[in-house]
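Working notes, beginning with the structure itself.
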Amino acid sequence: KRTIDSEWILDILGEVVQKHQSQMTMNLSSVSQLLEDMENWDKDKRFMAASDLTQEVTMSNQVLDVHLQKRVCQAFVKQLEDQSIDVQGNAVKCLAKIVCKFQEQQIGEVLA
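Each residue of the sequence shown is one higher than the one before, starting from 1019 at the first, in this note's numbering.
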């Protein structure tokens, strides 16, 4: 009969949790690049940047600071008026997914 070393299991579980938490941290330089890409001349790049930014925001356990919330909201609002109907539709879907990450006051200020 085999015995399981409980300390070893706890160590392994601790490493897994730490790795998972570090993956859930938002990369701010990546967010800045995605915000830039959302204004690219290429509609496919704008579309993908919006999708990637949405994933970055929704998968992170970090709270966005107010300044970054404003920049993200403004980028999506701008895409709502994009010349590409695909980019517009994607912006609507993305906003629906990330709006819960923003403070109510911030959303009001951007949309006003």
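Cβ coordinates follow ideal geometry from the N, Cα and C atoms, glycine included.
Can you tell me the Cα-Cα spacing of residue i and residue j, whole angstroms?
i, j, result
"Gly1107", "Asp1029", "46 Å"
"Val1105", "Lys1096", "10 Å"
"Ser1048", "Leu1071", "8 Å"
"Ser1078", "Gly1126", "23 Å"
"Gln1080", "Asp1062", "28 Å"
"Gln1073", "Gln1101", "23 Å"
"Met1056", "Cys1112", "12 Å"
"Gln1051", "Cys1091", "15 Å"
"Leu1098", "Phe1065", "11 Å"
With DSSP run on the structure shown, which of helix, strand or coil describes residue i?
i, result
"Asp1070", "helix"
"Asp1094", "Looking at the sequence shown, residue 1094 is not Asp but Phe. Phe1094 falls in the helix class under three-state DSSP."
"Glu1099", "coil"
Since residue i and residue j are thought to touch, with beta carbons under 8 Å apart, how far apart are those beta carbons, to the nearest angstrom?
i, j, result
"Lys1119", "Val1084", "Not really, about 12 Å apart at Cβ, beyond 8 Å."
"Ala1109", "Ala1068", "6 Å"
"Arg1089", "Leu1053", "6 Å"
By the DSSP assignment, the alpha helix (DSSP H) with residue i in it spans what residues?
i, result
"Leu1052", "1046-1055"
Between residue i and the ligand HEM, is the CB less than 6 Å from at least one heavy atom?
i, result
"Val1095", "Here there are no bound small molecules, and the ligand HEM is not part of this structure."
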